[in-house]
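Our numbering puts the first residue of the sequence shown at 614, with every later residue one more than the last. Every residue, glycine too, gets a C-beta built ideally from N, C-alpha and C. In this text, all values refer to a predicted model and were calculated from it rather than measured experimentally. Everything on this sheet refers to the single structure shown next.
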Amino acid sequence: MGFLSTTMSTIKQHRVRFSISLGICLLALFSLTTLGVLKVAMGHLNTSTPIKLFSSAEIDQLQQYFSNGLIACSIFLILSLLLFFVFRFRRWKNQEFTTNRMIYETGLECFLSLLLATIFLILLFALFEPTYEAILQNLYHKGLDQISNLPKTVISNGNNGIVYSTRSSLTFDFSSATLLDMFFKSLIKSILYILLNLVLLTLGFKAINLLTKKHKVR
Numbered sequence: 614m615g616f617l618s619t620t621m622s623t624i625k626q627h628r629v630r631f632s633i634s635l636g637i638c639l640l641a642l643f644s645l646t647t648l649g650v651l652k653v654a655m656g657h658l659n660t661s662t663p664i665k666l667f668s669s670a671e672i673d674q675l676q677q678y679f680s681n682g683l684i685a686c687s688i689f690l691i692l693s694l695l696l697f698f699v700f701r702f703r704r705w706k707n708q709e710f711t712t713n714r715m716i717y718e719t720g721l722e723c724f725l726s727l728l729l730a731t732i733f734l735i736l737l738f739a740l741f742e743p744t745y746e747a748i749l750q751n752l753y754h755k756g757l758d759q760i761s762n763l764p765k766t767v768i769s770n771g772n773n774g775i776v777y778s779t780r781s782s783l784t785f786d787f788s789s790a791t792l793l794d795m796f797f798k799s800l801i802k803s804i805l806y807i808l809l810n811l812v813l814l815t816l817g818f819k820a821i822n823l824l825t826k827k828h829k830v831r
């Protein structure tokens, strides 16, 4: 409780810094969740329509495109958290705080930022679901643009069947319940991934601090 009360006091004193950490968490959580939804959705495209709209190679290409986006967002998250920890080290270097206390308080501050970012993202999805679906659609079309020679339509039965567009809306291919399920599953995975990075960074900086102290004693 001591760490929590001290962290809350620090947040009140440094609202701008906390807003930056909250913005980083919200951006990372939104990006990881959205790209995660699209990656999962690509694997179910051919099963959500009466006919096979894409070849296996095209599905793999779409999944690879969004996987690359996930990797880029993951690298951005790790670097942002690392820079945030280093920034706190430099800011608190000449103040009367123990290094271990600073490490734990920084980790707790990031955790609180993640908690608020999660609440904000769920509220945004609930209140502005059509806007979120439009973002998904836009990113989906960007993925389709990466496929060369992709036909605009596919006919179900030779030349006389029903015409299906390869650029149909994701909300047409998937029900709202399915998209909601994908969203929350991707959100949980993103939260766990960010938490894992926070724990690893906290333990890593604690280990570095311990080794530094041992080196000074020698």
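I'd like to know whether the C-beta of residue i is nearer than 8 Å to at least one C-beta of chain C.
i           : result
leucine 757 : Of the protein chains in the structure, only one exists, and it is not chain C.
Should residue i go down as buried or exposed, given a rule of 16 or more other Cβ atoms within 10 Å for buried?
i                 : result
threonine 647     : buried
glycine 656       : exposed
isoleucine 684    : exposed
phenylalanine 796 : buried
leucine 696       : exposed
phenylalanine 741 : exposed
leucine 736       : exposed
arginine 701      : buried
glutamate 709     : Reliability fails at glutamate 709, whose pLDDT of 45 lies under 50, so the model's placement of it is uncertain and the value that follows must be treated cautiously. When all chains shown are included, glutamate 709 counts as exposed.
serine 803        : buried
alanine 820       : exposed
threonine 731     : buried
glycine 801       : In the sequence as displayed, the identity of residue 801 is isoleucine instead of glycine. Looking at its Cβ environment, which holds fewer than 16 other Cβ atoms inside 10 Å, isoleucine 801 is exposed.
isoleucine 688    : exposed
threonine 815     : buried
leucine 824       : exposed
Looking at the structure shown, is residue i part of a helix, part of a strand, or coil, going by DSSP?
i                 : result
serine 778        : strand
serine 634        : helix
histidine 754     : helix
phenylalanine 787 : coil
lysine 665        : coil
leucine 658       : coil
glutamine 759     : coil
phenylalanine 741 : coil
glutamate 709     : The predicted model places glutamate 709 with a pLDDT of 45, which falls under 50 and marks its position as unreliable, so this point remains unresolved.
Ordered along the chain, which non-local residues of its own chain (more than five positions away) have a Cβ less than 8 Å from that of residue i?
i                 : result
histidine 754     : Arg780
cysteine 686      : Ala641, Ser644, Leu645, Leu648
phenylalanine 811 : The residue you asked about is not phenylalanine; residue 811 is leucine in the sequence shown. These residues qualify, in order along the chain: Leu694, Gly720, Cys723, Phe724, Leu727.
isoleucine 748    : Thr647
phenylalanine 787 : Ala654, His657, Ser661, Met795
leucine 793       : none
lysine 765        : Ser778, Thr779, Arg780
Excluding the 5 residues preceding and the 5 following residue i in the sequence, name in chain order all residues of the same chain whose CB lies nearer than 6 Å to its CB.
i              : result
tyrosine 745   : Phe738
serine 799     : Thr646, Gly649, Val650
isoleucine 807 : Leu727
glycine 756    : Leu675, Tyr678
isoleucine 637 : Ser693
Per the DSSP calculation, residue i is bridged to which residue(s)?
i                 : result
phenylalanine 766 : First, the residue type needs correcting, since residue 766 is threonine and not phenylalanine in the sequence shown. The partner list for threonine 766 (beta bridge, DSSP) reads Ser778.
With a CB to CB cut of under 7 Å and the five nearest residues on each side skipped, what residues in its chain are close to residue i?
i             : result
serine 680    : Lys652
glycine 682   : Leu648
serine 634    : Phe697, Glu722, Cys723, Ser726
glutamine 750 : Ser782, Leu783
With a threshold of 7 Å (Cβ to nearest heavy atom), would residue i be considered close to the ligand MN?
i              : result
isoleucine 716 : By its list of ligands, the structure shown contains no ligand whatsoever, and the ligand MN lies outside what it can speak to.
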